[in-house]
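Report on one structure; see the data block that follows.
Residue numbers (the working numbering): 55 to 878.
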């Protein structure tokens, strides 16, 4: 009680701004009322009196929960243990605790003197107090076995409240509770929907971010039970319960390779197909219901969990195959081509389809053959690209199409070649617009986002494909019917130099850098455009710092470095050596390296390098591409090394290089040291956890080996001590018996000697000789019994000594006793 009373003072003793106020003004008579009720709960001998007091505490627990929680928590726990057989009083106690620890502020509390900000944390503070004794959670779990609704329902609500306030603590407690997860999973089978639905919410909280619990829940037949509930509720046309089932499924699968394999091998992917039923002509009947949109978004996220690029390749590949054979890939394609699909659902479906085909040749081939219901008919890829280059379409939809197109080209040399082929001169007459034409139209658009999207899309046709880089050099464009054709390379260079938008310039620079890398012929053609190198030089040496211009300047320096690395010296004006001198004289080596390093330090670069899908809050923030970040990371060091090999003005260049390398080494050293500290800490934690696990395992094995009569280790210890005392007494009695037997043995020896003497004088078969023989046989039998008793005694003493040592008792060995006797 003292602890909770101090909690009351800590909550009520100060105002929001820390000024003390009197307890009479704050608590008043209500605290006295609560105190009297708590006293009745603790001291009343009649169950009816305790029940009435608990009912009254429940009535006060919303408006005066600070007082009820601080003064009555011990009493409520006392009731849960004392009167656990009475469902009504248990129900009152559980409801009261649930109100006390609620993470939200009740309407009844708004009029109280306690500040609103303080009330927001009251539930969390009382939860912390409640968890000071982890066995309290086990006590609540035990009430789940009670079928009575008045008990099971508030017990579930209380566990959900505890999870909301202290998820990590509750996860750890439930994880080590015997059958803790199993008890919760049984609630999913409750015929009462309110119990089942509350269990879903509880499990959603419980499984967040805990892989061990996720595995246990999955192997407790969770997926089967969830699909059964989804079927009962009407699949995607069902209510919010379907969404809750999918959210729990999402928790079990996200970043959990074990559960992903289990989901695939259990043929659960096939059971997702029923979730993709589309309403007929959704746009004509007023659109989709909001809950159907929410359900579809959740099931799309479940699919993306299975084929995420962050998953191991083997898992993603096998799940992609299952999506194709199950019909989900076809269903996704149908959503893309359907009418009336809400923009949010369509965007997520496009991204899901992209990841379903990313790196899978079979799925990519299937998608390339999907036709859109347009007039004239056209392939779905072209229809999607039309949306991407259309500036009237939503930003998020356009970026999702780019991601899908990138996934279509990923490790797909055939598709890359087909895209470039649509731009090359052909004798065949083309009756419909092609993907290449759409991308080129995006390059010439006045919309900077269209410039960027088209540049990135076209660059993905060149990734790890030197042949297409050379083929693209053959592409000729005519900006208008009256102008003569120019190469695509020259046209992109002109667009770069004429553009005044950062996003457009970054897109063109990324396309050129991807094109020129590892392609000497492309570098040669780029250097032959007279204005290119002067433009890059001026940008790399510029001092402007407005509107992300430092990114453009850094990328210009990077492109110059690529021209230096992959230069075959075929353009006499810009050989490797002349480019080095130009960088040193016009830009300055230190400036050049500084501009280059600013690219990878930019926050937009850091965001783009984490995930293949392009994401940004606003279109202006969309500057870098995931694949380009990988290219930059690989080539940056090569550029630094190549630029540093300047033949003239060696001292200045060398000093600049040394300074640059020192900075790089410092950063790397700092990173390495941080990583080493982290590794050491994690290793130490691992060793501690392993030691704790070994200790607990050994203690568990010991306790299992002890008598089952007593429930705890203390009881087992007392029983063992009593057993040892009994054996000590038995050993004392055996010692007396041994002494007697030793005396008999001595007598036997005397009798044997006497017998030998008498045998000389007596005839064979005399009565005295026969009597002596019987005595000898009896003593020999007693000696045999003695040896058996001694061996049995030593074995049992050894066992009991080992068990006492395991329980912490200090037991002296016989050798130690002998040494002590000698000293005395």
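Beta carbons: idealized from backbone N, C-alpha and C, even for Gly.
None of these values were measured; they are calculated from a predicted model.
In DSSP terms, what residue 433 is bridged to:
425
Here's the rule I'm using: 16 or more other beta-carbon atoms within 10 Å means buried, otherwise exposed. How should residue 314 be labelled?
buried
- Query: Among 317, 514, 467 and 456, which residue has its Cα nearest to the Cα of residue 504?
  - Reply: 456
Hey, would you say residue 630 sits closer than 8 Å to residue 623, going by beta carbons? yes
- Task: Give the C-beta separation of residue 202 and residue 141 to the nearest angstrom, bearing in mind that I take them to be a contact with Cβ-Cβ under 8 Å.
- Result: 5 Å
Measure how close the beta-carbons of residue 665 and residue 453 come, nearest whole angstrom, since I'm counting them as under 8 Å. No, residue 665 and residue 453 are not in contact; Cβ-Cβ is about 12 Å, not under 8 Å.
Quiz item: Residue range of the alpha helix (DSSP H) that residue 586 falls in?
Solution: 586 to 594
Taking just the CA atoms, how far does residue 532 sit from residue 480? 15 Å
message: Taking 8 Å as the threshold (beta carbon to beta carbon), is residue 344 in contact with chain B?
response: No chain B is present in this structure, which holds just one protein chain.
Original post:
When the distance is taken between beta carbons, is residue 513 closer than 8 Å to residue 565?
Top reply: yes
Q | Whether residue 112 touches residue 149 by CB criterion (8 Å) | A | yes
Can you have a look at residue 442 and say buried or exposed, based on whether 16 or more other CB atoms are within 10 angstroms of its CB?
buried
* Please classify residue 859: is it buried, with 16 or more other beta-carbons within 10 angstroms of its beta-carbon, or exposed? => exposed
Checklist entry - At what residue ranges does the segment 295 to 339 contain a whole run of the alpha helix (DSSP H), taking only runs of 4 or more? => result 311 to 319 and 322 to 325
message = Assuming residue 535 is part of the alpha helix (DSSP H), what are its boundary residues?
response = No alpha helix (DSSP H) holds residue 535; DSSP gives it neither H nor E.
May I ask you to report which of helix, strand or coil DSSP gives residue 530? strand
**Asked** Using the rule of at least 16 other Cβ atoms within 10 Å of the residue's Cβ for burial, across every protein chain shown, is residue 90 buried or exposed?
**Response** exposed
Beta-carbon within less than 6 Å of residue 129's beta-carbon, same chain only, minus the 5 sequence neighbours each way: which residues are those?
92, 95 and 96
If we ignore side chains and look at the alpha-carbon of each, how far apart do residue 323 and residue 279 end up? 15 Å
Residue 352, enclosing alpha helix (DSSP H) - first and last residue: 344 to 360
Let me check one thing: in DSSP terms, what residues is residue 541 bridge-paired to?
530
message = Using CA atoms only, rank isn't needed, just tell me which of 661, 679 and 643 is closest to residue 695.
response = 643
Under 8 Å by Cβ, that's how I've got residue 191 and residue 119 pegged, so tell me the actual separation to the nearest angstrom. Not confirmed; about 20 Å, so no contact.
In terms of residue numbering, what span does the alpha helix (DSSP H) encompassing residue 388 cover?
-> 382 to 391
Do residue 530 and residue 543 have their CB atoms nearer than 8 Å?
-> no
Contact under 8 Å by Cβ, residue 377 with residue 399:
no
In its own chain, which residues sit with a C-beta less than 7 Å from the C-beta of residue 217, not counting the 5 before and 5 after it? 224, 256, 259 and 260
#### Entry: residue 630 - DSSP class collapsed to helix/strand/coil
helix
### Query
So residue 606 and residue 556 are in contact, right, with Cβ under 8 Å, and what is the actual spacing, rounded?
6 Å
| request: Grab the span of the alpha helix (DSSP H) containing residue 475 for me, first residue to last. | output: 467 to 475
| message | Considering Cα atoms alone, identify which of 487, 568 and 548 is closest to residue 522. | response | 568
Using only CA atoms, which one of 449, 145, 466 and 547 lies nearest to residue 507? 449
Report the residue from 294, 328 and 271 whose alpha carbon sits nearest the alpha carbon of residue 305. 271
Margin query: In the DSSP assignment, the alpha helix (DSSP H) including residue 640 goes from what residue to what residue?
Written below: Counting along the chain, residue 640 falls outside any alpha helix (DSSP H), and DSSP gives it neither H nor E.
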